[in-house]
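Here numbering that gives the first Met the number 0 is used: the first residue of the sequence shown is 0, the next is one more, and so on. A virtual CB, placed ideally from N, CA and C, is assigned to each residue, including glycine.
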Amino acid sequence: MPTNTLPSNVPVCPVRGSVIYPTMVQHIDASRALSIGAIEAAMQSDKVILIVSQRDKDIDDPKGSDLYDVGTACNVLRVRKNPDGTVQMLVSAVARVRATNYVRGDHLSADITPLAAEADDAVELQALGRELRERFDALASGGKLNAETVQTIHSKEDLGEMADHIAFNLDFKLDDKQALLELPSLTARIRKLLTLLDTEKEVQEVQAKIRAQVKEEIDKNQREYYLREQMKVIQKELQGGEDGEDGDEAEAFRAKLDTLDLRPEVRKDIDREVNRLARMHPDAAEASVIRTYLTWITELPWNTRSDDQLDVMQASQILDDDHYGLEKVKDRVLEFLAVRRLRKERAERGELSAEDVNKGPILVFTGPPGVGKTSIAQSIAKALGRKYVRIALGGARDESDIRGHRRTYIGAMPGRLIQGIRTAGTKNPVILLDEVDKLGSSYQGDPSAALLEVLDPSQNQHFTDHYLGVPFDLSEVMFIATANYPEQIPPALMDRMEVIDFNSYIEQEKLEIAKRYLLPRQLMANGLKINQIAFTDAALEKLISHYTREAGVRNLEREIGTVARKVARRIATGEVKRVKVTDKELDRYLGQARHIPETEGKEDMVGVSTGMFYTPVGGDILFVETSTSPGKGLVLTGQLGDVMKESARAALTYIKANAERFHIDKSRIDDSEIHVHVPAGAIPKEGPSAGGAMVTSLISALTGIPARHDVAMTGEMTLTGRYLPIGGLKEKVLGARRAGIKHIILPKANEGDLRDIPLHLRTTMRFHPCETVDQVLDVALVGGLKALETPRDGSPAPTLPAPKRKSARRSDARA
């Protein structure tokens with residue numbers, strides 16, 4: 000049908016994923032009601048239908064806006080209805096047309112306008128025709144098209160008809176085929192088609208290259224498989240008909256290695272060992288070594304990791320449930336988790352790399368024994384949802400404990416880190432390096448030096464264990480270390496870690512811990528029910544103060560367990576059904592109290608001042624006693640260390656320099672033996688913070704002015720009378736409060752440390768920050784500085800009677 004006789008409005012049959020060109024005869028299958036309605040409408044009118052492609056082939060009920068603007072007007076030659084309700088029609092494409100004014104009823108219809116052909120240069124068209132045939136022939140030689148299609152295209156005399164058939168039969172994109180349909184100029188269509196043919200030729204060449212590479216790899220694998228099978232047969236013959244179990248074992252190792260996704264350089268080294276095993280006799284000694292090595296390799300979690308649970312609120316709840324107190328420690332742990340969560344969110348947005356997410360400080364928990372360092376590491380692993388591994392380093396003296404043994408030694412095995420990761424089953428567990436300050440060194444190496452690489456985030460992603468011999472990534476492991484004495488950790492190792500201090504518990508915290516955690520745990524351990532035994536608060540307080548002396552709660556739990564066992568015995572024998580343990584009944588179960596806390600003096604005394612000290616198990620008070628007698632010199636007793644002796648000498652020098660102001664006769668100082676004694680002489684005492692107590696005691700003895708019994712002091716003095724800061728203020732104040740002290744003298748520079756002291760203690764005690772020794776004496780002496788600077792009758796100070804005080808301490812006191 001000529002284009003000028005086409006009707007102006009025709010039914011529209013949408014098609015998906017294909018384009019039909021003029022002069023072509025094609026079968027079209029229709030299954031949608033919209034398409035079947037268009038075919039029926041065409042058959043009832045001029046038998047002309049518009050075939051147009053959908054922009055999106057997934058739309059089942061397209062509208063006019065879902066179709067391309069240019070389609071192909073076709074004559075319907077034949078229509079056949081299939082039993083399944085679908086319709087098949089044979090059409091002859093007539094012309095390129097532009098569709099407008101789509102109307103939807105039972106079917107789509109549209110107005111059509113034929114695309115006017117543009118004039119082409121005959122010479123250019125001839126040249127393009129030759130080029131088209133050459134490129135088509137080059138493409139067809141690759142076997143992409145069957146011979147019948149190639150012959151049909153070659154038979155086309157008309158250049159436009161040839162171009163349309165080429166475009167229809169080659170696997171171009173729908174957009175490219177539609178673009179060829181919409182070009183009215185034959186020259187433009189051929190140029191576009193030549194570009195598509197070049198692209199298709201390049202794709203075919205790449206495909207051929209890939210096909211050759213795949214075939215080569217398959218041939219290689221088949222050759223290796225054939226050779227391995229031959230090797231199995233040969234080994235079987237050499238072993239007298241036995242099964243080639245070792246060869247099968249090598250194949251099993253290869254299969255496991257295929258699932259591990261190892262880096263190429265790692266896989267190359269391990270494959271070398273697998274090949275050695277495959278060639279060895281199974282009874283060879285070396286075969287057993289290689290077998291053990293490959294077992295370790297295949298059981299390590301090279302790419303297995305647990306998902307972090309970075310819910311800060313949930314982590315806070317877990318820490319509060321598992322531990323009482325330790326607020327600063329909990330805050331630092333939650334800060335660590337919060338930072339990790341924000342880094343992970345940024346990594347998910349592509350702002351950070353995965354390596355940056357894993358970077359973070361190595362935490363080291365320092366503090367006295369029993370304060371919860373190890374248990375809070377378990378809570379961190381629980382809060383993160385990670386596996387927990389504890390590695391005890393106390394007493395480790397061999398570098399191989401960290402790096403493993405080389406496989407040349409008998410009984411060689413990996414280091415503790417690799418063993419722990421294998422046990423955890425993930426490559427990102429929480430690993431606790433317990434007692435890192437107890438590491439030793441010997442001729443076998445220094446384990447702390449081996450830890451330098453492990454605890455460096457920029458190096459540990461390539462950690463190489465001597466036994467494995469290949470790098471293993473430790474960058475995703477969260478390392479936490481614990482130590483009692485951080486000064487014993489090598490400086491280079493300490494520099495890689497962030498210190499979090501664990502202070503000793505106060506009595507109120509110990510009481511709450513005992514009620515919430517220790518008592519229920521010991522009742523369960525000793526088979527008791529909650530209604531069979533009850534501890535009064537007074538009993539627990541007496542247990543804490545009179546039967547234990549520690550910074551943590553380990554001994555407290557042991558004493559509670561002792562009482563629980565004795566009660567369990569009474570219940571088991573039928574003596575009682577339930578027991579209430581009071582403070583008065585503790586002697587019955589535990590015997591006489593082992594620790595009698597020091598208490599404040601009962602009255603103001605001349606030459607007796609009250610100092611404060613602390614040890615790893617807590618703080619307490621001490622008395623500094625001074626007596627004068629005829630003689631010469633300064634006598635110091637009470638197991639004093641060099642620093643405390645220096646404090647006494649400095650105090651005496653300060654008094655001599657200010658003797659005139661204090662109305663002290665210098666001849667009396669020169670002609671008297673001044674004896675300074677600190678009770679509990681069997682216990683070594685050391686530290687600079689007894690300077691205030693020393694100078695107060697000396698001046699009180701030399702002037703006869705009593706020192707106040709309700710005042711305790713701590714601070715270091717200088718020869719010029721300055722009062723310098725000290726450490727351990729919180730522990731010292733807690734010990735003084737336990738002894739009944741109401742007034743505390745402390746250096747002005749330590750005033751900020753009062754924030755660490757519980758609020759109820761700050762409100763019930765009075766603190767006197769001092770910058771000079773004069774300010775100290777003004778508070779510590781009865782009558783203050785005014786009484787000291789007032790002239791006296793010059794009578795000698797009374798000698799000090801021996802006061803009766805109890806003192807029982809088992810650890811070195813540090814003033």
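According to the neighbour-count rule (16 or more other Cβ atoms, all chains shown, within 10 Å of its Cβ), is residue i buried or exposed?
i: Arg707; result: buried
i: Leu527; result: buried
i: Val580; result: buried
i: Thr625; result: buried
i: Ile379; result: buried
i: Glu204; result: exposed
i: Val634; result: exposed
i: Ala116; result: exposed
i: Thr702; result: buried
i: Val623; result: buried
i: Val232; result: exposed
i: Ser699; result: buried
i: Met493; result: buried
i: Ile835; result: One cannot answer for residue 835 here, as it falls past the ends of the chain, which runs 0 to 814.
i: Asp433; result: buried
i: Ala436; result: Here the sequence assigns Asp to residue 436, which means Ala is not the residue at that position. The residue in question, Asp436, is buried, as its Cβ has 16 or more Cβ neighbours within 10 Å.
i: Asp619; result: buried
i: Tyr225; result: exposed
i: Pro802; result: Unreliable positioning characterises Pro802 in this predicted model, as indicated by a pLDDT of 41, which lies under 50. The coordinate reading is nonetheless provided below. Under this definition Pro802 is an exposed residue.
i: Met604; result: buried
i: Glu730; result: buried
i: Pro490; result: exposed
i: Ile165; result: buried
Between which residues of its own chain and residue i is the CB-CB distance below 7 Å, once the five residues before and five after are set aside?
i: Leu309; result: Leu336, Arg339, Arg340 and Lys343
i: Asn459; result: Glu452, Val453, Leu473 and Ser474
i: Ala37; result: Pro10, Val11, Cys12, Ile48, His106 and Leu107
i: Glu602; result: His708
i: Leu450; result: Ile401 and Leu492
i: Glu574; result: none
i: Ala779; result: Ser608, Thr695, Ala706, Arg707, Val710, Met712 and Ile744
i: Leu753; result: Arg761 and Phe766
So residue i packs on residue j, CB below 8 Å; how close in whole Å?
i: Asp175; j: Leu144; result: The pair is not a contact, with the Cβ atoms about 17 Å apart (cut-off 8 Å).
i: Ile559; j: Leu518; result: 6 Å
i: Val781; j: Val694; result: That belief does not hold up - the Cβ atoms of Val781 and Val694 are roughly 16 Å apart, past 8 Å.
i: Ala513; j: Leu467; result: So it is not a contact: roughly 47 Å between Cβ atoms.
i: Pro183; j: Leu114; result: 5 Å
i: Glu497; j: Val363; result: 7 Å
i: Val429; j: Ile479; result: 7 Å
i: Pro61; j: Asp163; result: That belief does not hold up - the Cβ atoms of Pro61 and Asp163 are roughly 24 Å apart, past 8 Å.
i: Phe534; j: Val370; result: In fact, because the Cβ distance is near 22 Å, the residues do not count as touching under 8 Å.
Taking the DSSP output, what are the residues bridged to residue i?
i: Ser621; result: Residue 621 is actually Leu in this sequence, not Ser. BP columns for Leu621 point to Gly610.
i: Glu672; result: Ser628
i: His742; result: Val710 and Arg765
i: Ala92; result: Cys73
i: Leu180; result: According to DSSP, Leu180 bridges with nothing at all.
i: Gln87; result: Asp28 and Arg79
i: Leu49; result: Val11 and Ala72
i: Pro470; result: Thr463
i: Arg721; result: Thr771
i: Tyr387; result: Val429
i: Thr481; result: Phe364
i: Met716; result: Tyr722
Kindly list the residues whose CB is nearer than 8 Å to the CB of residue i, restricted to its own chain and excluding five residues on each side of it in sequence; keep chain order.
i: Asp28; result: Thr85, Val86 and Gln87
i: Val75; result: Ile38, Ala41, Met42, Lys46, Val47, Ile48, Met88, Leu89 and Val90
i: Met279; result: Asp245, Glu285, Ala286 and Ile289
Take residue i and list the residues in its own chain whose beta-carbon comes closer than 6 Å to its own, dropping the five residues that flank it on each side.
i: Leu438; result: Leu392, Ala395, Pro446 and Ser447
i: Asp245; result: No answer about Asp245 holds up, because its pLDDT of 49 lies below 50 and its placement is not dependable.
i: Gln377; result: Tyr387
i: Gly793; result: Low local confidence applies: a pLDDT of 49 at Gly793 is under 50, so the model's placement there is unreliable, with the coordinate-based value given in what follows. Here the set comprises nothing.
i: Thr636; result: His676
i: Leu431; result: Ala376, Arg389 and Ile479
i: Ile19; result: Gln25, Ile50, Thr71 and Ala92
Could you tell me which uninterrupted beta strand (DSSP E) segments, each at least 3 residues in length, are contained entirely in the segment 198-281, listed from first to last along the chain? none
Those runs of the alpha helix (DSSP H) which lie wholly inside the segment 113-166 and span at least 4 residues: 121-139 and 146-153
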